[in-house]
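Engineer: A single structure is presented below for examination.
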Amino acid sequence: MGAYEEIFKKSIENPEEFWAEAAEGIDWYKKWDTVLDRSNPPFYRWFSGGEMNTCYNAVDRHVENGRADQPAIIYDSPVTDTIRKITYRELRDEVASFAGALKGLGVEKGDRVIIYMPMIPEALVAMLACARLGAIHSVVFGGFAANELAIRIDHAQPKVIVCASGAIEGKKQLAYKPLVDSAIEQSDHKPEKCVVFQRDFVTAELQEGRDLAWQDIVKDAEPADCVPVLATDPLYILYTSGTTGMPKGVLRDNGGHAVALHWSMKNIYNVDPGDVYWAASDVGWVVGHSYIVYGPLLKGCTTIVYEGKPIGTPDAGAFWRVISEHGARIMFTAPTAFRAIKKEDPNGELLKKYDLSKFETLFLAGERLDPDTYHWASNLLKVPVIDHWWQTETGWAIVANPMGIEQFPVKPGSPTKPVPGYDVRILDDTGKELGPNEEGNIVVKLPLPPGTLATLWRNDERFIKSYMATFPGYYETSDGGYIDEDGYVYVMGRMDDVINIAGHRLSTGAMEEVIATHPDVAECAVIGTDDQLKGQIPVGFIVLKAGVTKDAEEIKAELVQMVRAQIGPIACYKQTAVVTRLPKTRSGKILRGTMRAIAAGKEYRMPSTIDDPTILEEITEDLKKLGFPK
Numbered sequence: 001m002g003a004y005e006e007i008f009k010k011s012i013e014n015p016e017e018f019w020a021e022a023a024e025g026i027d028w029y030k031k032w033d034t035v036l037d038r039s040n041p042p043f044y045r046w047f048s049g050g051e052m053n054t055c056y057n058a059v060d061r062h063v064e065n066g067r068a069d070q071p072a073i074i075y076d077s078p079v080t081d082t083i084r085k086i087t088y089r090e091l092r093d094e095v096a097s098f099a100g101a102l103k104g105l106g107v108e109k110g111d112r113v114i115i116y117m118p119m120i121p122e123a124l125v126a127m128l129a130c131a132r133l134g135a136i137h138s139v140v141f142g143g144f145a146a147n148e149l150a151i152r153i154d155h156a157q158p159k160v161i162v163c164a165s166g167a168i169e170g171k172k173q174l175a176y177k178p179l180v181d182s183a184i185e186q187s188d189h190k191p192e193k194c195v196v197f198q199r200d201f202v203t204a205e206l207q208e209g210r211d212l213a214w215q216d217i218v219k220d221a222e223p224a225d226c227v228p229v230l231a232t233d234p235l236y237i238l239y240t241s242g243t244t245g246m247p248k249g250v251l252r253d254n255g256g257h258a259v260a261l262h263w264s265m266k267n268i269y270n271v272d273p274g275d276v277y278w279a280a281s282d283v284g285w286v287v288g289h290s291y292i293v294y295g296p297l298l299k300g301c302t303t304i305v306y307e308g309k310p311i312g313t314p315d316a317g318a319f320w321r322v323i324s325e326h327g328a329r330i331m332f333t334a335p336t337a338f339r340a341i342k343k344e345d346p347n348g349e350l351l352k353k354y355d356l357s358k359f360e361t362l363f364l365a366g367e368r369l370d371p372d373t374y375h376w377a378s379n380l381l382k383v384p385v386i387d388h389w390w391q392t393e394t395g396w397a398i399v400a401n402p403m404g405i406e407q408f409p410v411k412p413g414s415p416t417k418p419v420p421g422y423d424v425r426i427l428d429d430t431g432k433e434l435g436p437n438e439e440g441n442i443v444v445k446l447p448l449p450p451g452t453l454a455t456l457w458r459n460d461e462r463f464i465k466s467y468m469a470t471f472p473g474y475y476e477t478s479d480g481g482y483i484d485e486d487g488y489v490y491v492m493g494r495m496d497d498v499i500n501i502a503g504h505r506l507s508t509g510a511m512e513e514v515i516a517t518h519p520d521v522a523e524c525a526v527i528g529t530d531d532q533l534k535g536q537i538p539v540g541f542i543v544l545k546a547g548v549t550k551d552a553e554e555i556k557a558e559l560v561q562m563v564r565a566q567i568g569p570i571a572c573y574k575q576t577a578v579v580t581r582l583p584k585t586r587s588g589k590i591l592r593g594t595m596r597a598i599a600a601g602k603e604y605r606m607p608s609t610i611d612d613p614t615i616l617e618e619i620t621e622d623l624k625k626l627g628f629p630k
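For the sequence shown, UniProt numbering begins at 1 and goes up steadily by one.
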C-alpha cells in the first residue's frame, strides 16, 4: 500500500484518531473533550470542548518560537508602486493594536465585523484582529455594489464595518466610502462604527459620530491579547451566491479550520515553515481566506499579498516578476489568470526576462482547468502544474494531487484523487452509487472533515436543504463527474451544465475541452439553449488569442468539425459567437447561468459578483445575431 492509500484509509476508517494527530500541529489552551461529535447529524462538530485562538496560532506562536524576524507578509502592489515586508513580530504588534482599537469600540467575542477592503496588508490585520478577540469577521469583496453590501450588513448585523478609502481598479481609482455610506443607508441594521483606512491617493470623508480613521484609533489603542475561544465557536462568515440570488453565509469554525488548513499546507502543497507561498487571489474569496491569510500563517510561511492583475499591471509578465523577485516556491491561482496571460503572450516571451529557479509548483483551482491551459502552463514553466478542486463551502481541497504525501502522474482534465478526509462518491439521481467511468452527481459521504462549513449563518434549514437533503448521509457538491478505474476524479462542471439533446445527456464542459484545444482560441464557454426540436442545443462563445488574423467563419467551421470528430454528431454543435470577453465573476468564474438566462429570454438578476456588467449587453447582442431567444 502506498503512502497516500495508507493515510487516506486511516482518515476514512478512523477519522477521530487521524484528526486528533493532525490537531497536535496547532497550539491549544485546553484539549478537546471529543474529537468528532456525531450526536446531531448533519451538524457534526470537531474538537468539541477544546479551547484555542486562531490568531495566536497564525501569528504570536511564531514570534515566540523563533520566527519573529521572518517576513510574515510581503505586500507587492504594482498599482501603487509599493513593496513592503512585514515580519511576524511587526504583524503581531499591528494586529494587537488594531484588536485593541476594535475592543475600544466595544467589539467582543461573538460580535460581527464586516471587512470591505482591497488587497492591502490591513485587510489581513483586520481579519486577524477579529480572530484575536473571538469576533466573527465577514469579508465582503472590496468594490462590491452598495445594494449587495447592504444585504450582507442586514444578514450579518455587524457592530463595526472596517473599510479602506478606496482602491485602484485597472487604470481607475475607485472610492469605497460612498459605496459603504450608500449600503448603510439602504440597510435596516445600522453598524455602530465605521473604521476607514485612509489611503494616499483617495481620502474618504468621515461622518461625525460614526466614522473613525484607522490611523487615528490605533495610535492610542491598548494592545489586546488573544481571547481563548471554543474550537466550535465561529471564526468567519463568507457569503457565496445562492441560486435564488440571496447570498448564503458559509460559517467556518475556529478549531477544525486551523487544524485542516495547517495539515493541508504540508500534505497538499508540500510547503514548510519559512517558505514563500503565493496565492494570487483576493481576501474577498475563500482562496484568500484559506491560502493568503490563514493557511500560510498557521504554517509559519511568508505569504505574498499582491495588489495587481495577471495582465496590465504592467503586462502579462507580472506573475513571473513577483515569483522571481520574492523567491516564491509555490503559486496558487485560477485557470482564468493563466488564460489571460496566454491570450496576451501566447509564446511566453515575457517569462524569459525572469529567474524562476526557486519556483517549484503551480496549483490551479476555482473552475475547471481545461487540458489546453494545463499543457500551455506545463510546457512554459517546466514545473508540475497541479489542478485541485474545492468549494467555498469546503474551505480547502476535496480532490488534489497530494504533493506532500505522494505525487501521482497528472491526467489532464482531472484534479487527481480525493484528499484524505473526503470520502468522494458518484451517485445517480436516485442515490444509487455508480461504478468507474459512470457520470453522475459528485457527493461526499458524511461526516465532512474538519475545516468545512459548520452550517449557514442564521439558517440551519437552508444548510440542510442546500447540501444535505437530496442525498441523505452525503454532502451534495452540485457538481457532476465520474471516477475512473485508477481512482482519479473528473469534475465535469455544475450539474446544470449537463444538457439534454434529443434524450442524450451531454456535458457542455466536455465540449469546452475540445474547443479550448483550437490553436486560435484563448477562452471559451458553451451553454445549453432551448430548442423546439431537440430540447436543448449547445452554443459556443470564444475569445480569440491576440494577433489572430484567420477569418472568424473559418475558425467557427473548424470548431464544428472538432466537436463532431471528438464528441460526435449527436452533440449538434453548430453555432459559435466570437466575443471580445466572457462575463465573469471577479474570481474568474464564467457566468454560464446568466448567459443561459439571456439565451432563453428569461429575466435574470444581475450577479453580485460580476466583474463588468456591461459585458452582458454585448452577450445579449451576440445571442440576438444567432437568433436567441427564439
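C-beta: ideal position from N, C-alpha, C; glycine also.
Examine the Cβ distances between the region 334-343 and the region 542-550 and report whether three or more of them are shorter than 8 Å.
Structural biologist: Segments in contact, yes.
Engineer: Could you check the C-alpha separation between residue 173 and residue 144 for me, to the nearest Å?
Structural biologist: Near 14 Å, if we compare the C-alpha coordinates of residue 144 and residue 173.
Engineer: Under 8 Å by Cβ, that's how I've got residue 74 and residue 304 pegged, so tell me the actual separation to the nearest angstrom.
Structural biologist: With a Cβ gap of about 5 Å, residue 74 and residue 304 count as contacting.
Engineer: Quick one: is residue 361 buried, meaning 16 or more other Cβ sit within 10 Å of its Cβ, or exposed?
Structural biologist: Residue 361 is buried by the Cβ-count criterion.
Engineer: Residue range of the beta strand (DSSP E) that residue 212 falls in?
Structural biologist: Taken as a continuous stretch (DSSP letters only), the beta strand (DSSP E) holding residue 212 covers 211-213.
Engineer: Between which two residues does the alpha helix (DSSP H) carrying residue 130 extend?
Structural biologist: First-last of the alpha helix (DSSP H) with residue 130: 121-133.
Engineer: Expressed to the nearest angstrom, what Euclidean distance is found between the alpha-carbon atoms of residue 485 and residue 513?
Structural biologist: Taking the straight line from one Cα to the other gives about 21 Å.
Engineer: Which stretch, first to last residue, makes up the beta strand (DSSP E) that contains residue 137?
Structural biologist: Segment 136-139, the beta strand (DSSP E) holding residue 137.
Engineer: Rounded to the nearest angstrom, what separates residue 187 and residue 180 at their Cα positions?
Structural biologist: The alpha-carbon atoms of residue 187 and residue 180 are separated by roughly 11 Å.
Engineer: May I ask which residues mark the beginning and end of the alpha helix (DSSP H) holding residue 102?
Structural biologist: 88-104 is the span of the alpha helix (DSSP H), which, as asked, contains residue 102.
Engineer: Mapping the DSSP letters down to three states, classify residue 584 as helix, strand or coil.
Structural biologist: Three-state DSSP puts residue 584 in a strand.
Engineer: Between residue 101 and residue 208, what straight-line distance do the alpha-carbon atoms span, to the nearest angstrom?
Structural biologist: About 18 Å.
Engineer: Rounded to whole angstroms, what is the Cα-Cα separation between residue 643 and residue 446?
Structural biologist: Residue 643 lies beyond the stretch modelled for the chain, which goes from 1 to 630, so this question has no answer here.
Engineer: Could you check where the beta strand (DSSP E) with residue 75 kicks off and where it finishes?
Structural biologist: Residue 75 -> beta strand (DSSP E) spans 71-77.
Engineer: Quick one: residues in its chain with C-beta nearer than 6 Å to the C-beta of residue 57, no 5 flanking neighbours on either side, listed in chain order?
Structural biologist: Here the set comprises 26, 27, 258 and 298.
Engineer: According to the Cβ coordinates, are residue 122 and residue 72 closer than 9 Å?
Structural biologist: No, the pair does not count as a contact, with Cβ atoms beyond the cut-off.
Engineer: Mind checking whether residue 109 and residue 227 have CB atoms under 9 Å apart?
Structural biologist: Cβ atoms of residue 109 and residue 227: closer than 9 Å.
Engineer: So, using beta-carbon positions, are residue 78 and residue 310 closer together than 9 Å?
Structural biologist: No, they are not a contact pair.
Engineer: Whole-angstrom Cβ separation of residue 538 and residue 573, contact assumed at under 8 Å?
Structural biologist: Confirmed, about 5 Å.
Engineer: Should residue 244 go down as buried or exposed, given a rule of 16 or more other Cβ atoms within 10 Å for buried?
Structural biologist: With a pLDDT of only 47 at residue 244, under the threshold of 50, the placement of this residue in the model should not be trusted, and no figure is reported.
Engineer: Tell me residue 529's beta-bridge partners as DSSP assigns them.
Structural biologist: Residue 529 is bridged to 537.
Engineer: For residue 267, does the count of other Cβ atoms within 10 angstroms reach 16, so buried, or fall short, so exposed?
Structural biologist: By the neighbour-count rule (16 or more Cβ atoms within 10 Å), residue 267 is buried.
Engineer: Between which residues of its own chain and residue 603 is the CB-CB distance below 8 Å, once the five residues before and five after are set aside?
Structural biologist: The residues are 597.
Engineer: Need the endpoints of the beta strand (DSSP E) that residue 184 sits in, please.
Structural biologist: Counting along the chain, residue 184 falls outside any beta strand (DSSP E), though it belongs to the alpha helix (DSSP H) covering 177-186.
Engineer: Classify residue 29: buried if its beta carbon has 16 or more other beta carbons within 10 angstroms, exposed otherwise.
Structural biologist: With fewer than 16 other Cβ atoms within 10 Å, it is exposed.
Engineer: Can you name the start and end residues of the beta strand (DSSP E) that residue 575 belongs to?
Structural biologist: Residues 575-578.
Engineer: Check whether the Cβ atoms of residue 140 and residue 114 lie closer than 9 Å to each other.
Structural biologist: In this structure, residue 114 lies closer than 9 Å to residue 140 by Cβ.
Engineer: Quick one: which unbroken beta strand (DSSP E) runs of 3-plus residues sit fully inside the region 424-497? Chain order, please.
Structural biologist: Fully enclosed beta strand (DSSP E) runs of 3 or longer: 440-445, 474-483 and 489-494.
Engineer: Along the chain, where does the alpha helix (DSSP H) containing residue 419 start, and where does it finish?
Structural biologist: Careful: residue 419 lies outside any alpha helix (DSSP H) and carries neither H nor E.
Engineer: Which class does residue 249 belong to by DSSP, given the choice of helix, strand or coil?
Structural biologist: Strand at residue 249.
Engineer: Give me the Cβ distance between residue 364 and residue 334, rounded to the nearest whole Å; I'm assuming they're in contact under 8 Å.
Structural biologist: Correct: roughly 7 Å between the Cβ atoms.
Engineer: Taking the alpha carbon of residue 386 as the reference point, which residue from 415, 380 and 396 has its own alpha carbon closest?
Structural biologist: Of 415, 380 and 396, the residue nearest in Cα terms is 415.
Engineer: Using the Cβ count rule (16 or more neighbours within 10 Å means buried), how would you classify residue 33?
Structural biologist: Classification for residue 33: exposed.
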